[in-house]
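Numbering (my numbering), first residue to last: 1260 to 1609.
Report on the following structure.
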Ligand code: AMP
Ligand code: MG
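Structure representation (structure tokens):
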């Protein structure tokens, strides 16, 4: 398949024309990669079972892993889901923005899009390109992240091109994604409580403060899904983000980490380090590749860098990677959740 690659630019006629062409492509059942404020999405008509099938094929994604549908304005959720007062509260507080809400689905969303579930995940992106694309398409856009299944989500258009050239009709390039990790996913339960299924830019603390509703954090967010247990969010059961070299997360200060790494004695090591610790790691391991992760307290920068670093490290010939274990609160929880998966739960507390 020939992929049309278009640089988006709101300042020029040609730049916005690209978004118009992409909307036509969606209407005609095509696949379009587009930027959002979290990561790049791989979109198609969310009301078409055939379009959903094409998305699963392009990603190499198992078809029981449901897609998030994207809407142009929060009110449109009621076209596709049974919305209630809690949805309205969440929408008023966080939409448009990086929050996905799982609710009981309406028949207008085909089972293929929802991975066979009775619920549907809905998000209203704030990114101007995503928002205009959905508006012009006139339908909701089903879109998972625009990576090949198992790889980190793409946070800029070059990474998209690596995975998706020849597999989609169009790629809209708008540079680097703002946040860099996928949306927060929260489910509205039948009793009106909330369950956090995936942490992201919108934190559990913010969700609780805005709604005043009890919020459970799904076990799979911070741990390993038990053998044979049903996944509350099907995406949780798949291998995710793992770089080709094994990754170990270390909890402890730089001195302790240096002692531990020396003791392990791996051949070609890569170390993701907070900026403050980079000089010490460089001095201790002159042969190693040291990747700076942002300052210790700057979780927004770390979120922005993580997937880029995971992809970059796959291009370096490494036999072992080390990274710091993030904290479990605020945006740290989103980093923690992605990094324990990338590390296949290999954590050493020093
Ligand atoms: P991605 O599209 O790559 O951001 O992944 C979408 C995530 O949303 C996956 O982990 C899915 O399992 C999850 N998801 C989508 N729809 C639902 C749903 N109805 N219930 C629970 N999780 C969902
Ligand atoms: Mg994904």
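In this text, a Cβ means the ideal position worked out from N, Cα and C, and glycines have one as well.
In the three-state reduction of the DSSP assignment, residue 1286 falls in the helix class, which pools H, G and I.
Rounded to whole angstroms, the separation of the alpha carbons of residue 1526 and residue 1504 is 12 Å. Here residue 1328 is near residue 1401, since their CB atoms are less than 7 Å apart. In terms of Cα proximity to residue 1398, the closest of 1404, 1367, 1416, 1468 is 1367. Each of 1412, 1499, 1538, 1547 was checked against the Cα of residue 1520, and the nearest Cα belongs to 1547. At least one heavy atom of ligand 2 is found less than 6 Å from the C-beta of residue 1404.
A direct Cα-Cα distance of roughly 13 Å separates residue 1572 from residue 1552.
The beta carbons of residue 1428 and residue 1289 sit about 4 Å from each other, so the pair counts as a contact at 8 Å.
Counting only runs of at least 4 residues, the segment 1297-1374 fully encloses the following alpha helix (DSSP H) elements, listed from N- to C-terminal order: 1308-1318, 1336-1339, 1344-1353. One thing to note: residue 1333 has its Cβ within 7 Å of the Cβ of residue 1354. Distances taken from the Cβ of residue 1412 to the heavy atoms of ligand 2 include one shorter than 6 Å.
If you draw a straight line from the Cα of residue 1349 to the Cα of residue 1453, it comes to about 11 Å. 1584 is the residue among 1545, 1576, 1584, 1577 whose C-alpha sits nearest the C-alpha of residue 1565. The DSSP-derived three-state label of residue 1510 is strand.
The three-state secondary structure of residue 1534, taken from DSSP, is helix. By the C-beta density criterion, residue 1606 is exposed, having fewer than 16 other C-beta atoms within 10 angstroms.
With fewer than 16 other beta carbons inside 10 angstroms of its own, residue 1417 counts as exposed. Judged by beta-carbon spacing, residue 1381 lies beyond the 7 Å limit of residue 1373, meaning their Cβ atoms are not closer than that value. Rounded to whole angstroms, the separation of the alpha carbons of residue 1275 and residue 1467 is 38 Å. Per DSSP, reduced to three states, the secondary structure at residue 1435 is strand. With contacts defined by Cβ atoms closer than 7 Å, residue 1587 and residue 1414 do not form a contacting pair. Nearest to residue 1473 by alpha-carbon distance, out of 1460, 1490, 1491, 1445, is 1445. DSSP places residue 1461 in the coil class of the three-state scheme, outside both helix and strand.
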